[in-house]
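From first to last, the protein sequence lines stand for chains A and B. Numbering of the first sequence is given in our numbering, commencing with residue 1 and proceeding in unit increments. Numbering of the second sequence is given in our numbering, commencing with residue 1001 and proceeding in unit increments. Beta carbons are placed, not taken as given, at the ideal position from N, Cα and C, and that holds for glycine. Below you'll find the structure, written out as structure tokens, and then a few comments.
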Amino acid sequence: MVFNRSVLARAALGPAAGAVLMVFMAAGAIPAYQMYSVALAAVYTIVVLSVGLLAGWSGIWSVGHPAFFAIGAYFAAYGSAHGWALEAVVAGAVTAGAALGAFLGYAGARFSVLYIALLTLAFTTVTLELVNRWSSVTGGDQGVPVLQLRSALGLGVFPGGGTEPQYLAVGAAAVVLALAVPARASALRMRLVAAKSHPMAARTVGIAPEAQSSLSFAVSGACTSFAGVLLGLITGFVSPDPFSLSFGISLIAACVLGGVGSVLGAVAGGIYLTWSPSLSTAVGVPQPVVQGLVLIAILLFLPGGVVPFLAGPARRVLRGVLRRPAAGHRPSPEPPEPSEPPEPLPALGPPAEGPALLHLEHVSVSYGGLKALEDASMSVRQDEILAVIGPNGAGKTTLLNVLSGLTGNGRVSGTADLAGRALLRTRATARRRLGIGRTFQHAEVFSELTVAENVLCTRRRIRAGDRDAVARLLRSVGLAEVADRRPTELPFGLQKRLDLARAMAERPRLLILDEPFGGLDAGERALLAQHIRRLNADGTAVVVIDHVLDDLFSVAHRVLAFDFGRTIGDGTPDTVLQDPKVRSSYLGTVGSRARLPDTVGERSLIRLRGTGHSYGGVVALRDIDLDVREGSVLGVAGANGAGKSTLAGILHGSLRPAHGVRESSGAVRTSLAPEGRGLFRTLSLRENLEVAAYAAGITGAALRERLEETVQWLPVRLRDRMSVPAAGLSGGEQQMLAVARALIVRPDVLIVDEPALGLAPALVDEVYDRLIGLTHDGLTVVLLEQSLSRAMAVCHEVAVLHEGVVAAQGRPGDRQFAALAESAYFSGGPVPATTASAAARTSQVK
Amino acid sequence: MSQFLLVLVSGVASGAVYGLMGLGLVIIYRATDVVNFAMASLATLGLYVAVSLHDRGVATVFGLLAAVAVTVAAGLLVRETVIRPLGQGQLFSALVVTMGVSLIAENLAGSVWGEQPRDFPSLVDGTVRWSGAALPVQSLVTIGVAALAMALVGYLFARTTLGSAMRAVAESPATARVVGLGAQRLARISWALGLGLAALAGCLYAPRSGLATTALTAPLFRAFAGIFLGGLTSMYGAVVGGLAIGVLDNLAANYVSASFRDTFVFSFTVLVLLIRPQGLFGTRTFQRV
């Protein structure tokens, strides 16, 4: 391991402070009655550090540490009664603590934070019961004395309750602190934090969360047992009282107070624990009340803890006093611009003809009854970039999850072979070693590590060369300036670059990219395309899925089209969209126009002006102007990710737009049938309807009347099944129920988000017939559709949404508009949106 | 045989108490993502009020009603003042805050009513003889009252629109928002219901154990074991888990060792969870990327 000088300097602070403290103790500067308290604070510091680092680094909150503490103390008592050497006692306590901790950590990794709380609560309760009953060893509630322990290494004799153990405690705390500081900079901590902040992404870089939490709990338990030995020695007497569950709660309070995961915070916590009895005496309030109030106040007002809260200002003051400019490697305060030198764009190499690297045969994945992937077969050559396309729900992400081993509890069948190794039987954590790297749609970076650490944590041990290699890698993707920042401080585009850098870190043979272009602006997308080509030129095979077809096609050698979990087409970027099956999977196949009401009012019921919205830096919608006219059917068509659902939420009024205005004329009642139906699956059909009416304040007889009326709208086959849980309905029936639920409040405007999603064609027609039927009764409908031709067939007016912008708007009867709409759907308009090649392809699409 | 029957009845009676408490915990957890550690100590406050009223000659039944009312009021106060400001989805912070509340409430009870354990009035005394065993009537009443309360809760959730709305919010807060359900109001109702059940459970439990500031900690822990066994989000699971723990607890105390009943109960729970992490009635969740 390699540490820079500042780490070593900080590591030396602990021993230095310990030495100073010991000198004070020896010189009599600390009054005799406070000597014990100082030693106790040292012991508590070790315990708080164990609990706090376990929580901060592994995300495991334990209330079981009183038990570890007790184990150490009783080891000291038993050892002293049986003439054991100090070292033997420590070794025994540490081994016991480590073994129990490893078990708890392993078991805990299978559970959520609440289950771990119960597990450790049970551990403390059981240990306390054993301590109380096993009186031959523990003395029961009478307690047992710690006489003296002699060091086998010649450190001297430590009489229980004497002054020597007090020095030992302070010295031990200093050493533990000194070890904790370099541990912060180690790969161990990075891997622990990585496993905690995103277990699934951690698996893809070869980190197994179970092993990590087992290891960290073992170390934490061992340290606390060690502290228990010290406690036994400094008090000279052990009884069950100090190890109660409320001590466990106080420990958590001390951790949170000092700052979870902060080494200095642990010292603050230890001091607080030691002197909180004096504090409560001083303010004249019982101790539990003080502890409870401190706990609540800290969690409410200072959840980060006192030390991190003070550290920022303190550092600034210190810097001001020293009058030193900020050190060179400090990050600049404003987010830097991507400082990539303009390099010539590497041209896409010739179509790959190398040997096959990856080979999939008849791979299917099912979750319960749902088939996410059906009988997929494909192969990827060694130097190929393969693009996989298909509408939402086609099974693309499932395919990637099969490759990276993240299928969860889905049933996987078939065979996959990566350079002669059976892929499906390899654990997710081992696939990194086989040479598979992957990125995620939402850039699942480790939010609690810095940018550089996000990449460094892929190594088990960090050697000197590794930091340089990572620095070079970050420079190559334009992240060098922000290497010391947290990813959450960065815009989404940079987070995606980090995700890519992490996947590239060990030069994978196969790189899997999950929607790498989504959420990026034009410049960033061009840069990304450049990266992908460069990687490919260096010999990496790439499998990439995306909805942004222009960018995808500009980097791909070959395109594979998916729908309903199956392969439906295969070809080059230039030819694949000419396949009618592939085209219709996107555009839909609807022949005749539905019979719509002829008269449409001119009054706007809802009006959007300059409306935009973004989620954590990702722009979903920008500058939308839209009118929903009374009595009309307005279609909003766009590919997945174009911003439809966001627009639906804004029109509905349940989502407040970040920019611009939403006006509605008078008291317009809107109602939304959300994407994916959004039914309450455990509730029956009737309850689903009732709940919606109840939410609108309709109760009693009025509710029954509405229910009656709405049920009449449902198809007969559903009317007979009103008390069946909604989960038991087919997709089309669920959609019908979702619309009925929206209708029960008698809306003026009905907004339906992707009603056709995942439905068989016949059902789609039925759903649409019923929707159109509603418009004849004067209802205004907004329809959000992935299929452009379907929107064209059933709407008075269609707006085409492309990457958050209305790219075209008009009436389906207009021929010119029909052509315009199609090119707007795929590339944002007839004028080249991004690159010249995109325009060329657009003309082919026509 | 009569001994076994006695143990079984007392096990079911304890289990009914754990089940009621567990039901309260699950109702609150499902609605607001808070595991309410303070439930036991808030109910203890209610019990002390009941005892005080009893000492002044108020009928026991009214005392019980007062206990429920005080507990519910205290719980709502806690939720509005310290839980709600934490915000949504703070699982661990919320748990720890309720631990803090529990410390304060226990101490408050101790300073107002004293640390000395007291007797708690039972609704009925005496025993009935049945197939050779003298069964305490209080146990049978406990089982009856708990069963009635559980049936009422079942009716509320299964048959009323309010219950459907509460289940809807528990299943999907996001969809509930789209439909327009008032989450805060339903959360308050859930807290009131959960704490009312806890107070009722306390009133049924305390006649046997006596009343002290930490009298309800033991049943709370067993209720925890029960709900984890049952699957944390399932109301049936809470009842079945509580009953299982109650019966096991009494069997172990009588036929294995009375000194190691916690060890037995918790080891059993942890073992079951190691084999089936989602609990008996829980659903396995899968995180999608």
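Anything in chain C within Cβ reach of residue i, meaning under 8 Å, just list it in chain order.
i	result
A:V126	Among the chains of the structure shown, chain C does not appear; the protein chains present are A and B.
Would you kindly work out how many angstroms separate the C-alpha atoms of residue i and residue j, rounded to a whole number?
i	j	result
B:F965	B:Y1048	This structure cannot speak to residue 965 of chain B, because chain B is shown only from 1001 to 1289.
A:T397	A:A185	35 Å
B:R1030	B:A1201	20 Å
A:S339	A:L490	Because the pLDDT at A:S339 is just 44, under 50, the model does not fix this residue reliably, and the point stays unresolved.
A:R69	A:G92	According to the sequence as given, residue 69 of chain A is Phe; it is not Arg. Whole-angstrom Cα-Cα distance: 13 Å.
A:H802	A:L621	9 Å
B:R1159	B:W1191	20 Å
B:F1221	B:Q1278	19 Å
A:M22	A:E506	48 Å
A:E797	A:P597	13 Å
A:P344	A:D383	Because the pLDDT of A:P344 is 49, which lies under 50, any placement of that residue in the model is unreliable, and the number read from its coordinates should be weighed accordingly. The straight-line gap from Cα to Cα measures roughly 21 Å.
B:N1036	A:S112	17 Å
A:Q786	A:A639	5 Å
A:T855	A:R790	What is shown of chain A runs 1 to 846, which leaves residue 855 of chain A out entirely.
B:A1252	B:V1012	14 Å
A:G236	A:F103	30 Å
A:G616	A:L779	35 Å
A:S262	A:V317	20 Å
A:M792	A:L535	42 Å
A:L370	A:G565	10 Å
A:A39	A:L168	8 Å
A:P853	A:S654	Absent from the structure is residue 853 of chain A, since the part of chain A shown begins at 1 and ends at 846.
B:V1240	A:W57	36 Å
A:R681	A:L714	18 Å
Given residue i, which residues of its chain have a CB within under 7 Å of its CB, disregarding the five upstream and five downstream residues?
i	result
A:R150	A85, L86 and V157
A:G18	V170, G171, A173 and A174
A:G259	G265, G304, G305, V306, V307 and P308
A:V176	I46, L49 and C223
B:A1149	L1020, L1197 and L1200
B:G1231	G1237, Q1278, G1279, L1280, F1281 and G1282
Is the beta carbon of residue i sitting closer than 8 Å to the one on residue j?
i	j	result
B:L1204	B:A1109	no
A:G828	A:A807	yes
B:Y1018	B:G1210	no
A:G14	A:V229	no
B:L1193	B:A1043	no
A:A501	A:L456	no
A:G97	A:S225	yes
A:V542	A:L511	yes
B:E1080	A:P288	no
A:P657	A:T611	yes
A:L299	B:V1096	yes
A:P747	A:R669	yes
A:I234	A:P277	no
A:R850	A:Q735	Here chain A covers residues 1 to 846 and nothing more, so residue 850 of chain A does not appear.
B:N1250	B:S1002	no
A:S604	A:S665	yes
Return the chain-ordered list of same chain residues with a C-beta closer than 6 Å to the C-beta of residue i, the five sequence neighbours on each side being excluded.
i	result
A:G405	A428 and R431
A:I751	A648, L651, H652, L672 and V782
A:A77	V144, V146, G232 and V238
A:S645	E675 and D753
A:D570	L560
A:V43	A169, A227, L230 and L231
B:L1156	G1163
Complete beta strand (DSSP E) runs within the stretch 1086-1168 of chain B (minimum length 3 residues, chain order): 1127-1130 and 1133-1136
Unbroken stretches of the alpha helix (DSSP H), 4 residues or longer, contained in the stretch 642-690 of chain A: Segments of the alpha helix (DSSP H) lying fully in the stretch 642-690 of chain A: 644-652.
3 or more residues per run - each beta strand (DSSP E) lying fully within the stretch 391-425 of chain A: Whole beta strand (DSSP E) segments, 3+ residues: 411-418.
Whole beta strand (DSSP E) elements within the stretch 431-482 of chain A, 3-residue minimum: 436-438
Cβ contact check for the stretch 435-446 of chain A and the stretch 192-202 of chain A: 3 or more pairs under 8 Å: yes
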